[in-house]
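As structure tokens, the structure follows; a few thoughts come after it.
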Amino acid sequence: MATMVTSAGVDLRELVSGVIKRAIQLGASAAEAVVSEGSEFSTVVHLGEVETLKESGSRGLGVRVFVGQHTANTSTSDLSDEGVEQLVRGAIELAKITSEDPMAGIPAPELLGQIEGDLGLYYDDVYSLSNAERIEHARRAEKAALAVDSRLTNSEGGTFDASIGRKVLANSHGFVGEYRSSYCSISAVPIASDEAGNMQRDYWYSVARTLAQLDSPEDVGRIAAQRTLRRLGARKLKTQKVPIVFDRQTSGALLDHIFDAANGDAIYRHASFLAGKLGQKTFGSNLTVIDDGTIVGGYGTRPFDGEGVPTRRTTVIENGELKNYLLNTYTAKKLGMATTGNASRGLAGTPGIGNGNFYMLPGDKSQEEIIKDVKQGLLVTEFLGFGVNLVTGDFSRGASGMWIENGELAYPVEEITVAGNLGDMFSNISEIGSDLIWRGSVACPTLRIEGMTIAGE
Amino acid sequence: MDKRFFFEKYGLSERDLEKYLGAALSAGGDYADLYFEYLTSTALSVDESMVKSASQGISAGCGVRVVTGERTGYAYTDDLAPEEILHAARTAALIASGPAKTPIVSLKDKAHPSLYPVTNAASDAELSKKVELVFRADKAARAYDSRIKEVRASYADELRRILVIGSDGTFAEDVQPLSRMSVFVIARDGEVSAKGSSGGGGRNKFEIFLTEKTPEHFAKEAARQAILQLTAVPCPAGEMEVVLGPGWPGVLLHEAIGHGLEADFNRKKTSAFSGLLGKRIASDKCTVVDNGTLNERRGSINVDDEGNTTNNTMLIEKGILKGYMADKLSSRLMGLPNTGNGRRESYEHIPMPRMTNTYMLSGDDLPEDIIKSVKRGLYAVNFAGGQVDITNGKFVFAASEAYLIEDGKITAPVKDATLIGNGPDVLTRVSMVGNDLQLDEGIGTCGKDGQSVPVGVGIPTLKIDRMTVGGTGSAA
């Protein structure tokens, strides 16, 4: 079957090295180039029939040039000689209109490098299945979901996706690095109806870097069905303050806000409520948060960051104390610190900051035990909307989930919001679950948080 | 207008197109199309009073789609060499399994509207003029108040050229300019920080940023919001009367009902609005349209990404659901009119029904009478964005500027409030509609199934009798 769509006759390492060389010839004092190529496959099966089948490969090239302390970047999907020449000339030309920024530059040579050894990021088996087999995975996930209960009458479909990619980065200090990565995933999105015709949908998915670690379509479908069915008959709640339990899906979303707040870009601009809090006991003593870009097989793992700096393990919060921000070269210079190897880079634009594998250290209670201790409270299983203000930490998002009565899940709830301040919320975590499971590059166990406001009727 | 762009740049001929579409229909299928796209973009921003960087990009490619019954096969290539397009066509053809069909290929361009400039578009302006815009915004924001500490202002434009060739004889070419400015500021007063943002643009000439939508206009607006938020009080929580200001709060329509009226969800009966055509879904004061034909608006397009001209489509007339927004696939399968709402993010994406500019028409009420009628409620005038669950109709949107209304008067500003409601019933609670319809400034981007497209929204001042407001303050 399909193998990596390799650019006909183009060696990608030679290509980026050539771009760097050309940029220097044309007057750049430093340059950095990145090229990526990938293949993607996706299929959606709706009520047993294939709805879409998509398969393609793509490539792109980006360059960042420095002319003294002026910098600019360009990107293109045209990898022909003319396309590359236009790319480099365009970047040099564009740098002339930018300001002199004393902090601009690529990382110092001694900071460059990469983690050696197999990081478990690429398995070619994700692209080994025939189209018929791929469709069958999607079909099985949807079928398993709809088979669970007769109230599951419709579906947004079952899906199977696979992708492989390769990225090569080089700069004028002589760094050249590359890595490949692979993903595959299965999902199911069933829809349930009650007697009155009210519909609910929910979903479940499995994602892995190799087919061998993907959950079975049947497991994915069954969990999706259970999550959907339990939403039928959802009620609103009265406005009140009660303990709130966040399951792994929603606690991970909360932890993601902490990443955004610890992002050096937001810190140096004072656009985060964590700015100026370094070394302070900002959160509860039970809270330790780590970013680790080196975990073998992790979804946030890579051998080097978007600027060619090796990734690493950084403790962000330790026992409630803010220990480190997450930085790239530019934000580190602005803050007078050292990069943490968290530069992220697409083809276009300047490098931003991305997480590695970002997680909260687990506690020792299961989710069941945490729920059991709640006399009256709410289990939040889904957020809706984006009501987060990182400058102030104010948080208010739509939510749905299950009402907890005497330690038991009593009934589903929806059309409510949960609100608080992220600083207070992460200081008022009364329970941290033992259930840390990686399903993406951010992972958080079940959390119980006190003092938040539910708005409803 | 440089017609025949793709023919000249890539040496395309009628025979090539016949060959590609023939390959796409080589295993049967009801319909196939080719979507050529060539996009150039520029972005620059000022930050700490420096233009720290600037970006330019070129992206080009061709997507091939084959439709058979309800099934769609899709493949794309960013290499426009004939053998690569043929390969994509043969890959997309795998969706069908039947005897080959012969496409009708036409190179006859029908007359299309011309809603925006194709020469002197914003993207044609000199870079130095674009740089000047962001510096002016920076200066104006800082001059507004000494408590404005951080200013980021950005300018971005693009020029998208598309060519759509369908096996049904569809032939359409368009050149779509798009530009926008945005300003983000942070104000600080002692320990208290607050943010403000503003922006706008459209499919306009560059001159609009020198006349109507000036950098100073956006800078002052962002700075005003941030200074105001410094003194904001916690937002009350609970159900209350809500008044939405005119313009951008129309994002309520987009989330609460817009997505639910996109034909694909209704074809699959997964929308909370499925089967409600001809039924009352709003108070009789509400008339809502989706209009892709407005001059120079961000959500307007001469032709959609399937080559159809856009329309002014009645969605809700005096409270009654009148129509859905359809693309080719859903109009054929549902027997609905094709409203020209088939859009896609790029050549890498399959088109689907999407909104253009969605807004409610003006009513008869004076805005000041609407405020006066509220005993205790919330007046929301700016929003950060929203989201909807199409299936159960629940939607939320986050207010970035809102005030309490007490005894018919606007009083204290409140901190970030979230409004949550149920799409099929929120418009039935609209009891007053102002005579002051405004469209937004041209800043909206809508995401659906991972695809982003530029859109517009608008409303007159509206009163909703009861809505849940999420905040941390004491219950209302």
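Protein chains in written order, with my numbering: chain A, 1 to 457; chain B, 1 to 476. Heads up, the beta-carbon is just placed ideally off N, CA and C, and yes, glycines get one too.
Beta carbon of residue i nearer than 9 Å to that of residue j
| i | j | result |
| --- | --- | --- |
| B/Ala-398 | B/Gly-385 | yes |
| A/Ser-387 | A/Ala-410 | For the record, residue 387 of chain A in the displayed sequence is Gly; it is not Ser. Contact flag unset, no. |
| B/Glu-306 | B/Val-164 | yes |
| A/Asp-305 | A/Gly-346 | no |
| B/Ala-263 | B/Leu-427 | no |
| A/Ile-454 | A/Thr-417 | yes |
| A/Tyr-463 | A/Ser-441 | This structure cannot settle anything about residue 463 of chain A, because the visible part of chain A is limited to 1 through 457. |
| B/Ala-141 | B/Val-185 | yes |
| A/Ala-253 | A/Asn-357 | no |
Cα-Cα separation between residue i and residue j, rounded to whole angstroms
| i | j | result |
| --- | --- | --- |
| B/Val-455 | B/Glu-317 | 21 Å |
| A/Phe-395 | A/Gly-62 | 36 Å |
| A/Gly-352 | B/Lys-110 | 45 Å |
| B/Ile-459 | B/Glu-255 | 13 Å |
| A/Thr-6 | A/Ile-290 | With a pLDDT of only 43 at A/Thr-6, under the threshold of 50, the placement of this residue in the model should not be trusted; the figure read from the coordinates follows. Rounded to whole angstroms, A/Thr-6 to A/Ile-290 spans 37 Å at the Cα level. |
| B/Leu-244 | B/Val-381 | 6 Å |
| B/Ser-331 | A/Glu-51 | 16 Å |
| A/Ala-28 | A/Ala-348 | 18 Å |
| B/Asp-16 | B/Glu-84 | 12 Å |
| B/Pro-367 | B/Gly-250 | 15 Å |
| B/Gly-196 | B/Gly-470 | 20 Å |
| B/Phe-6 | B/Asn-302 | 18 Å |
| A/Ala-8 | B/Met-181 | In this predicted model, A/Ala-8 has a pLDDT of only 47, less than 50, meaning its place in the structure is not dependable enough to derive any value. |
| B/Asp-2 | A/Asn-389 | Here the model assigns B/Asp-2 a pLDDT of 48, short of 50, so the residue's position is not dependable, and the following value carries that caveat. Rounded to whole angstroms, B/Asp-2 to A/Asn-389 spans 45 Å at the Cα level. |
| B/Ala-476 | A/Ser-400 | Legend: pLDDT at B/Ala-476 = 48, less than 50; position of this residue unreliable, value from coordinates given subsequently. Answer to the nearest angstrom: the Cα atoms are 21 Å apart. |
| A/Glu-110 | A/Asp-11 | 27 Å |
| A/Arg-59 | A/Gly-38 | 7 Å |
| A/Met-4 | A/Ile-115 | Only weak support exists for where A/Met-4 lies, its pLDDT of 37 falling under 50; the value from the coordinates is given anyway. Approximately 24 Å between the Cα atoms of the pair. |
| A/Ala-2 | A/Glu-55 | With a pLDDT of 32 at A/Ala-2, under the threshold of 50, the modelled position of this residue cannot be trusted, and the question is left open. |
| B/Lys-279 | B/Ile-320 | 5 Å |
| A/Asn-324 | A/Thr-340 | 9 Å |
| B/Arg-152 | B/Ala-187 | 12 Å |
| A/Val-464 | A/Thr-74 | Outside the modelled stretch of chain A, which goes from 1 to 457, sits residue 464 of chain A, for which no answer is possible. |
| A/Asp-78 | A/Val-84 | 7 Å |
| B/Lys-514 | B/Asp-365 | With chain B covering 1 to 476 only, the question about residue 514 of chain B has no answer from this structure. |
| B/Lys-409 | B/Val-242 | 13 Å |
| B/Phe-383 | B/Gly-342 | 27 Å |
| A/Thr-331 | A/Gly-177 | 23 Å |
| A/Arg-13 | A/Tyr-179 | 11 Å |
| A/Ser-36 | A/Asp-292 | 23 Å |
Bounding residues of the alpha helix (DSSP H) (the contiguous stretch that carries residue i)
| i | result |
| --- | --- |
| A/Ser-251 | 248 to 262 |
| B/Ser-330 | 328 to 334 |
| A/Phe-506 | Absent from the structure is residue 506 of chain A, since the part of chain A shown begins at 1 and ends at 457. |
| B/His-479 | No statement about residue 479 of chain B is possible, as the shown extent of chain B runs from 1 to 476 and does not include it. |
| B/Ile-257 | Note, B/Ile-257: premise wrong, no alpha helix (DSSP H); not H, not E. |
| B/Asn-266 | 263 to 267 |
| B/Gly-22 | 14 to 24 |
| A/Gly-221 | 217 to 229 |
| B/Glu-212 | It is not in any alpha helix (DSSP H) - B/Glu-212 carries neither H nor E in the DSSP assignment. |
| B/Thr-91 | 82 to 92 |
One or two residues paired with residue i in a DSSP bridge
| i | result |
| --- | --- |
| B/Glu-345 | Paired residue(s): none; B/Glu-345 is not in a bridge. |
| A/Trp-204 | A/Ala-188 |
| B/Thr-418 | B/Ala-398 and B/Gly-470 |
| B/Val-233 | B/Val-414 |
| B/Glu-37 | B/Gly-61 and B/Ile-162 |
Near the ligand GDP: residue i beta-carbon under 8 Å from a heavy atom
| i | result |
| --- | --- |
| A/Val-289 | Summarising the ligand content, the structure contains no ligands, and the ligand GDP is consequently not present. |
Endpoints, the beta strand (DSSP E) within which residue i is located
| i | result |
| --- | --- |
| B/Ile-301 | Run containing B/Ile-301: none; DSSP gives neither H nor E here. |
| A/Phe-160 | 152 to 171 |
Q.
Measuring CB atoms only, is the segment 63 to 81 of chain A touching the segment 156 to 169 of chain A, in the sense that at least three cross pairs come out at less than 8 Å?
A. Segments in contact, no.
(Q) Would you call the segment 263 to 280 of chain A in contact with the segment 19 to 36 of chain B, where contact means no fewer than 3 C-beta pairs closer than 8 Å? (A) Two segments are said to touch when three or more pairs of C-beta atoms, one from each, lie closer than 8 Å; by this definition the segment 263 to 280 of chain A does not touch the segment 19 to 36 of chain B.
Q: May I ask you to verify whether the segment 255 to 271 of chain A touches the segment 230 to 242 of chain A, counting CB pairs closer than 8 Å and requiring at least 3?
A: no
Q: Evaluate contact between the segment 129 to 145 of chain B and the segment 273 to 286 of chain B, counting only Cβ atoms and requiring at least three cross-stretch pairs below 8 Å.
A: The segment 129 to 145 of chain B vs the segment 273 to 286 of chain B: no contact.
Q. Contact between the segment 354 to 368 of chain A and the segment 423 to 442 of chain A: three or more CB pairs below 8 Å?
A. yes
Q.
Would you call the segment 349 to 360 of chain B in contact with the segment 288 to 299 of chain B, where contact means no fewer than 3 C-beta pairs closer than 8 Å?
A. yes
(Q) Check whether the segment 67 to 86 of chain A and the segment 99 to 113 of chain A touch, using three or more Cβ-Cβ pairs below 8 Å as the test. (A) yes
Q. Just checking, does the segment 166 to 175 of chain B make contact with the segment 87 to 95 of chain B on the three C-beta pairs under 8 Å criterion?
A. Contact fails: fewer than three Cβ-Cβ distances are below 8 Å.
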